[in-house]
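Q: This structure is in C-alpha cells; I'll ask about it shortly.
In the numbering used here, the protein residues as written are 150 to 538.
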C-alpha cells in the first residue's frame, strides 16, 4: 500500500467508517435457535422476482440498500438476490470490492433484528444477526470491523447482551436513537418492530439521560465499547417516492436530538470516556448544533436548572463522533467547536455510496486539506474509534 507520507507509517490509508452488509433473507435458518427456525423468513423464486415469505406476508425482495455499481438512473427497487452485489454477504467478494474502491478497511453495519412482533423471535434475532456478522468479519479481522446490534428496552437485558458481544470481540454496538418500549405489542405492524430497533421510541417516558441507564453507560465504558446510532426519530419512506427525498434530509438532522439529550442530560459529564458516534448523519450541521446549544445553554440554563459544568460544544468534541459521505461543508467547519470528530465513509452498497469511485470522491472532497488532517478524517479517527488493526 502507498503511504500518505513519512509521518503516516501505517498499513492503513483509507478506512470507511460506515458500510453495510446485506445478509440474504434466509440466513436466519442457520443462526436462530433450532426451535425458532421454522418461523424464520424463507425465499421463494417467482417469475418476476425473488419473494421473502415471513409471518403470512409475501413481499418482493427489497433492493433499496443494494445499489452499489449502478448509476442513479438504473436504480432497481425490487428484484432478485442475484441483482445484489455479492459483497453484501460474501466476505471474499466484499474484499474484492474494497480493493477496487481503494479501501483498506471498513466498518460494517446492517439490518439488525427481524421485523416480528413475536417477542422470543425478536430478541433471539439480535443474537443471530450478531453471530452472522461476527462470522462474516472473521474472514479478515484486520479489514472487516463489525458493529453489533443491541436492544434498549430493559437495562439488565441490554447489559447482558453487551457483555456477550464484547466477549465475541465486537468493539462497537449500535443502539436505537431512543429507548424502546418494553412490549412489541405497541407496534402497529411487525415491520415497526424492526424500525424501532433503530429509532426507538422518542416519545417514551424515559430517555437515555435518566439515571436508570447509568449502569448501562458504565458497562459500556468499562468494556471500552463505542456506541453508535444510525437513525434519529425519522426514517425515510422509501416506498413512497413523494416523501423520500425530503425524508432523507430529515433523517440526518433528526440525529441531533438524541445527542442533545445526552449532552444536556449530563450523560457525557458523568461518563467523560463514553464514545458516541452518529453514523451516516452527515456532519455539516455539527458546528451549527454545537454553537446553537452553547448559546441557548448560556441563557436558559438557570431557569431550566441545567447542571452542565462546561458548554455543550465541549462535550461534542469530547464524546461525539460523526460520519459523512458527501459533505464539503462538514470538512470546511472541522476546526469549529463541536465539529472535531468527523469521519469519511463510502456507505457501500447503499444508494448514496461512492463505490467504485471512493478515491476520486476523497480527492475532490479534500482538495487543499493538509495531509495530516485528511488522514485523521479518512483513516486515523475511525481506526482508533472502532479498534481496527
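Just so it is clear, CB atoms sit at the ideal spot from N, CA and C, and this is done for glycine as well. Note that the structure is a prediction, hence the values are computed from the model and not measured.
Between which two residues does the beta strand (DSSP E) harbouring residue 210 extend?
A: Where residue 210 is concerned, the enclosing beta strand (DSSP E) stretches over 206-211.
Q: Please report how far the alpha carbon of residue 468 lies from the alpha carbon of residue 436, in whole angstroms.
A: About 14 Å.
Q: Specify, as a first and last residue, the run of the alpha helix (DSSP H) that residue 177 falls within.
A: Run containing residue 177: 177-180, per the alpha helix (DSSP H) assignment.
Q: With a cut-off of 8 Å, do at least 3 Cβ pairs link the segment 178-185 to the segment 274-282?
A: Yes, the segment 178-185 is in contact with the segment 274-282.
Q: How about residue 324 and residue 364: are their beta carbons less than 8 Å apart?
A: Not closer than 8 Å, so no.
Q: Which residues in the same chain have their Cβ closer than 6 Å to the Cβ of residue 189, if we skip the five residues on either side of it in sequence?
A: Contacts found: 177, 178, 181.
Q: If you run the structure through DSSP and keep just helix, strand and coil, what is residue 450?
A: Note: residue 450 maps to coil in three-state DSSP.
Q: Below 7 Å CB to CB, which residues in the same chain sit around residue 411 once its five sequence neighbours on both sides are set aside?
A: Excluding sequence neighbours, residue 411 sits near 357, 358, 417, 425.
Q: Where residue 215 and residue 447 are concerned, what is the direct C-alpha to C-alpha distance, given to the nearest angstrom?
A: About 45 Å.
Q: Here's the rule I'm using: 16 or more other beta-carbon atoms within 10 Å means buried, otherwise exposed. How should residue 519 be labelled?
A: Exposed, because fewer than 16 other Cβ atoms sit within 10 Å of the Cβ of residue 519.
Q: Taking the straight line between their C-alpha atoms, what separation do you get for residue 422 and residue 255?
A: Residue 422 and residue 255: Cα-Cα distance of roughly 24 Å.
Q: I'd like to check one pair, residue 522 with residue 167: are the Cβ atoms closer than 8 Å?
A: It is not a contact, given that the beta carbons lie outside the stated cut-off.
Q: On the CB-based measure, 16 or more other CB atoms within 10 Å of its CB, does residue 434 come out buried or exposed?
A: So residue 434 ends up on the buried side.
Q: Is it true that the segment 451-471 meets the segment 501-515, where meeting means three or more beta-carbon pairs spaced less than 8 Å apart?
A: Touching, no.
Q: Please go through the same chain and pick out, in chain order, the residues whose beta-carbon is closer than 8 Å to the beta-carbon of residue 334, but skip the five residues on each side of it.
A: Residue placement at residue 334 is flagged as unreliable, the pLDDT there being 48, under the threshold of 50; the coordinate-derived value follows with that caveat. Here the set comprises 266.
Q: Give the C-beta separation of residue 531 and residue 164 to the nearest angstrom, bearing in mind that I take them to be a contact with Cβ-Cβ under 8 Å.
A: Right, the Cβ-Cβ distance comes to about 4 Å (below 8 Å), so this counts as a contact.
Q: Which whole-angstrom value describes the C-beta separation of residue 615 and residue 350, a residue pair presumed to lie in contact below a C-beta threshold of 8 Å?
A: The question about residue 615 has no answer here: the residues shown for the chain are numbered 150 through 538.
Q: State the start and end residues of the unbroken beta strand (DSSP E) segment that holds residue 426.
A: Element bounds for residue 426: 424-427.
Q: Return helix, strand or coil for residue 191, following the three-state DSSP convention.
A: Residue 191 falls in the strand class under three-state DSSP.
Q: Quick one: give me the first and last residue of the alpha helix (DSSP H) that residue 400 is part of.
A: Where residue 400 is concerned, the enclosing alpha helix (DSSP H) stretches over 390-402.
Q: For the segment 235-254 against the segment 200-209, do three or more pairs of beta-carbon atoms, one drawn from each stretch, fall closer than 8 Å, so that the two count as touching?
A: The segment 235-254 vs the segment 200-209: no contact.
Q: Output the distance between the C-alpha atoms of residue 286 and residue 175, rounded to the nearest integer angstrom.
A: Near 19 Å, if we compare the C-alpha coordinates of residue 175 and residue 286.
Q: If I follow the unbroken beta strand (DSSP E) through residue 473, where does it start and stop?
A: Note, residue 473: beta strand (DSSP E), 469-473.
Q: Identify every run of the alpha helix (DSSP H) within the segment 269-346, keeping only runs that are complete inside it and at least 4 residues long; order them along the chain.
A: Here the runs fully enclosed are 304-316.
Q: Take the Cβ of residue 169 as the centre, count every other Cβ of all protein chains shown within 10 Å, and call the residue buried at 16 or more, exposed below.
A: Counting Cβ neighbours within 10 Å, residue 169 comes out buried, since at least 16 surround it.
Q: Is it buried or exposed, residue 243, if we count other Cβ atoms within 10 angstroms and call 16 or more buried?
A: Under this definition residue 243 is a buried residue.
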